[in-house]
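Participant:
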Amino acid sequence: MTEPIRVRIAPSPTGTVHLGLARTSLFNWAYARRLGGTFVLRIEDTDRTRSTAESETAILEGLGWLGIQWDEGPDVGGPHAPYRQSERVERHLAVAEQLRAAGHAYRCFCSAERLEEVRAEQQARQETPRYDRHCRDLDPAEAAARAEAGEAFTLRFRVPEGVCTFQDLVRGEVTIQNVEVDDWIMVRQGASPTYNFVVVCDDADMQITHVLRGEEHLVNTPKQLLLYRALDLAPPQFGHLPLMLGQNRKKLSKRDGSVSLDDYIALGYPKKAILNFLCLQGWALDGETEVFSMAQMVAAFDLKDVSKGGSIFDFEKFHWMAGEYLREESVEELADHCASHVVAAGLMTADELAERREWYLRVVAQEQERIRLYSELPARIRFYFEAHDAVTWDPKAEKGARKRGDAAGTLRDYAAWVSGQDLSNPAALGEASKAWVGEQGKQIPELFQPLRCALTGLPGGPDLFEVMVLLGPEAVAARLRAGAARFGVEPA
RNA sequence: GGCCCCCUCGUCUAGUCAGGCCUAGGACACCAGGUUUUCAUCCUGGCGACAGGGGUUCAAAUCCCCUGGGGGUCACCA
């Protein structure tokens, strides 16, 4: 019981980091950290046709970006290297031969065509498709001779009679009759080992003690358990995490929206928000606290508290949480996080961002409580960079402004007055402007609405006088003049 | 269809293991109000669930059984 905890994740390098992989990784990582164990990352590239080096890099980078640090892996090495399954095939094949020699596996010479036929017949008869064990009882000597002669074969696991029962760490006792388990293929034609086989070899060799993975693997467990038994090895503990679901209640997939971690990074979701939200998929800190740190999560994480049922991924709540974390950042952090988006939108260059750092920080500070994602900043501050006589007016902003009496006249009068004012102190300018409105015998909205529209074109936004200071006297004068002119003519 | 897993507000969940503290708590969303020059933030309030049916018990969201519903999986993918 005192053996050190060792957990692992084994992604196959066939794409980018899926949210499901990110969540599974996070739970494994938290479990290891909570119990002072070791977290291993192993690349599952047994499918050589689909695995790519680019994908492996993408996965390592994505997981690394999240800050989920693995203690052993293909990049950092470790006592059980190599951590890439393609580099362990020799070992796999040796184990396969050992199993074959012991009678736990047998050569199958059935062609893919024959298997397809058998499957079709079974389906026609409404039966569960499975291997008919055609080669199971072939004479070993004959099988060896045929193999020797060069006939292609696969190696199948000889499933024994009996039953598999195990204590799932999340679900409790699970029982499956062996007759339900197919004589599955361990080694393909061409001596390439398959997932269910190598996963056991490697987990055993790497002394993995706990396997935490998605529920889709639940039915694979008996196959693997039987293999441990045939190998006379003690199996690890298994825990099957609930699935993350789309709106249709099925496994989250591309058609549900973005499911790649990269997409959320690109959209500007704060890292902590992604981490925190992923934790909430199948786990809760205390049922009350929604926003919490990874340190809190690690301190409280227990597989007993993982829910059994799948959870529909709530994109809206995810968006909300992004805002929670974005607002927690310092203005400097936020400004830096938004910088690439501002540049990408063509608003400022990286050089300009550095030159006008103070100005940019003030602009960002004004928008912090109005955005939830880093990528939302450009649209909010675009007006600063537009030509003074061609500011884009939101229809709602214009409509609201035109309802306030003689917008054009008010703006002209205000322009004349404000040209003599000091445009460096927002608070003072605001007070003076309100006093001016009173002197004119007008109501506050009569000035503020047209003013906001002329200056920003937006229906809402930060304090108007902060905006005026950030815009500067010339821009303010030019925009008031252009605004008055536009309000002077009826809208098209 | 076979096998396996699951089932508390629309959604994520607390409570279920050790039945009473639950006229079921929190959050997102939604609605209403307050604050604000506007928007946003923030604050207050509201809406809203134990899948159904039996049983055990003084007492069941919690234990047992059945029904229903949902999902996963049935590859020389992982």
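The first sequence begins at -8 in my numbering and counts up one residue at a time. Using N, Cα and C, we set each Cβ at its ideal position, and we do this for glycine too. In this text, all values refer to a predicted model and were calculated from it rather than measured experimentally.
1) Going by Cα to Cα distance, which pick from Ser302, Gly64, Lys242 and Leu364 is closest to Glu207?
2) For Lys214 versus Asn187, is the C-beta spacing smaller than 8 Å?
3) Candidates Glu52, Leu216 and Phe18: which alpha carbon is nearest Pro4's?
4) I believe Leu446 touches Arg470 by the beta-carbon criterion, under 8 Å. Please report the beta-carbon distance rounded to the nearest angstrom.
5) Comparing C-alpha positions only, which one of Pro151, Ile167, Thr145 and Thr156 sits nearest to Arg179?
6) Report the CB separation of Asp159 from Gly94 in whole angstroms; it is logged as a contact under 8 Å.
7) DSSP state of Val8, grouped into three classes?
8) Can you tell which of Asp413, Ala381, Glu437 and Lys390 has its C-alpha closest to the C-alpha of Arg403?
9) What ranges does the alpha helix (DSSP H) occupy inside the region 45 to 71, keeping only unbroken runs of at least 4 residues that lie completely in it?
10) Name, in chain order, the residues that DSSP records as bridge partners for Glu164.
11) Taking the beta carbon of Pro151 as the centre, do at least 16 other beta carbons fall within 10 Å, making it buried, or is it exposed?
12) Are the region 355 to 375 and the region 417 to 429 touching by the rule of at least three beta carbon pairs closer than 8 Å?
13) Where does Tyr97 fall in DSSP's three states?
14) Output the residue ranges of the beta strand (DSSP E) runs that lie fully inside the region 166 to 220 and measure 3 residues or longer, sorted by chain position.
15) Going straight from the alpha carbon of Leu15 to that of Leu368, what length do you get?
16) What is the DSSP secondary structure of Met235, counted as helix, strand or coil?
17) Span of the alpha helix (DSSP H) holding Leu317?
18) Look up Val31 in the DSSP assignment and say whether it is helix, strand or coil.
19) Please list the terminal residues of the continuous beta strand (DSSP E) segment that includes Thr447.
20) Could you check which residue in Pro131, Asp254, Arg124 and Asp130 has the C-alpha nearest to that of His9?
21) So, Ala388 versus Leu449, is the Cβ gap smaller than 8 Å?
22) Would you mind listing the alpha helix (DSSP H) stretches within the region 327 to 405 that are 4+ residues and don't spill past its ends, in chain order?
23) For Arg147, write down the residues that DSSP places opposite it in a beta bridge.
24) From Ser42, Thr401 and Arg(-3), pick the residue whose C-alpha is nearest to that of Arg443; which is it?
25) Would you decide whether Ile0 is buried or exposed? Buried here means 16 or more other CB atoms lie within 10 Å of its CB.
26) Using 10 angstroms around the beta-carbon of Gln46, count the other beta-carbons present and answer buried if the total reaches 16, otherwise exposed.
27) When you compare the CB positions of Leu317 and Arg363, do they come within less than 8 Å of one another, or not?
Facilitator: Straight from the coordinates:
1) Walking along the first sequence from the start, residue 207 turns up at place 216. Taking only the C-alpha atoms, the option nearest Glu207 is Lys242.
2) Walking along the first sequence from the start, residue 214 turns up at place 223. Walking along the first sequence from the start, residue 187 turns up at place 196. Yes, the pair counts as a contact, with Cβ atoms nearer than the cut-off.
3) On the first sequence, residue 4 is found 13 positions in, with the first residue counted as 1. Ranking the options by Cα distance to Pro4, first place goes to Glu52.
4) By 1-based counting over the first sequence, the position of residue 446 is 455. By 1-based counting over the first sequence, the position of residue 470 is 479. With 8 Å as the limit, Leu446 and Arg470 qualify as a contact, their Cβ atoms being about 5 Å apart.
5) Along the first sequence, one-based indexing puts residue 179 at 188. Relative to the Cα of Arg179, the nearest Cα in the group Pro151, Ile167, Thr145 and Thr156 belongs to Thr145.
6) Within the first sequence, residue 159 is the residue found at index 168, counting from 1. Within the first sequence, residue 94 is the residue found at index 103, counting from 1. 30 Å between Cβ atoms; not a contact.
7) For the purposes of this step, residue 8 is identified with residue 17 of the first sequence, where counting begins at 1. Note: Val8 maps to coil in three-state DSSP.
8) Residue mapping note: residue 403 aligns to position 412 of the first sequence, counting from 1. Measuring C-alpha to C-alpha distances from Arg403 to each of Asp413, Ala381, Glu437 and Lys390 identifies Glu437 as the nearest.
9) None, since the region 45 to 71 contains no complete alpha helix (DSSP H) of that length.
10) Locating residue 164 in the first sequence gives position 173, counting from the first residue. According to DSSP, Glu164 bridges with Gln158.
11) Against the first sequence, residue 151 aligns to sequence position 160. Under this definition Pro151 is an exposed residue.
12) No: the two stretches stay apart, fewer than three of their Cβ pairs being nearer than 8 Å.
13) Looking up residue 97 in the first sequence gives position 106. Here Tyr97 sits in strand by DSSP.
14) Counting only runs of 3 or more, we get 176 to 179 and 201 to 205.
15) Numbered from 1 along the first sequence, position 24 holds the residue referred to as residue 15. Numbered from 1 along the first sequence, position 377 holds the residue referred to as residue 368. Reading off the sequence shown, one finds Thr at residue 15, where the question assumed Leu. In a straight line, the C-alpha of Thr15 is about 32 Å away from that of Leu368.
16) To locate residue 235, count along the first sequence from 1; it is residue 244. Of the three classes helix, strand and coil, the one that applies to Met235 here is strand, per DSSP.
17) Mapped onto the first sequence, residue 317 falls at position 326. Bounds of the alpha helix (DSSP H) holding Leu317 are Phe306 to Glu319.
18) Against the first sequence, residue 31 aligns to sequence position 40. Collapsing the DSSP output to three states places Val31 in a strand.
19) Locating residue 447 in the first sequence gives position 456, counting from the first residue. Per DSSP, Thr447 is not a residue of any beta strand (DSSP E); the alpha helix (DSSP H) it occupies stretches across Ile435 to Thr447.
20) Sequence index remark: in the first sequence, residue 9 carries index 18 (1-based). Checking every option, the nearest Cα to that of His9 belongs to Asp254.
21) Counting from one through the first sequence, the residue named residue 388 turns up at place 397. Counting from one through the first sequence, the residue named residue 449 turns up at place 458. Cβ distance < 8 Å, so Ala388 and Leu449 count as in contact.
22) Counting whole runs of 4 or more residues, the region 327 to 405 contains the alpha helix (DSSP H) stretches 341 to 346, 348 to 358, 368 to 372 and 386 to 393.
23) Within the first sequence, numbered from 1, the residue matching residue 147 stands at position 156. Residue pairing by DSSP places Arg147 opposite Tyr97 and Ile176 in a beta bridge.
24) Residue numbering aside, residue 443 sits at position 452 when the first sequence is read from its first letter. Scanning Ser42, Thr401 and Arg(-3) for the CA closest to the CA of Arg443 turns up Thr401.
25) One-based indexing of the first sequence puts residue 0 at position 9. Looking at its Cβ environment, which holds 16 or more other Cβ atoms inside 10 Å, Ile0 is buried.
26) Counting from one through the first sequence, the residue named residue 46 turns up at place 55. Checking the displayed sequence, the identity of residue 46 turns out to be Ser instead of Gln. By the neighbour-count rule (16 or more Cβ atoms within 10 Å), Ser46 is buried.
27) Numbered from 1 along the first sequence, position 326 holds the residue referred to as residue 317. Numbered from 1 along the first sequence, position 372 holds the residue referred to as residue 363. Yes, these two residues count as a Cβ contact at 8 Å.
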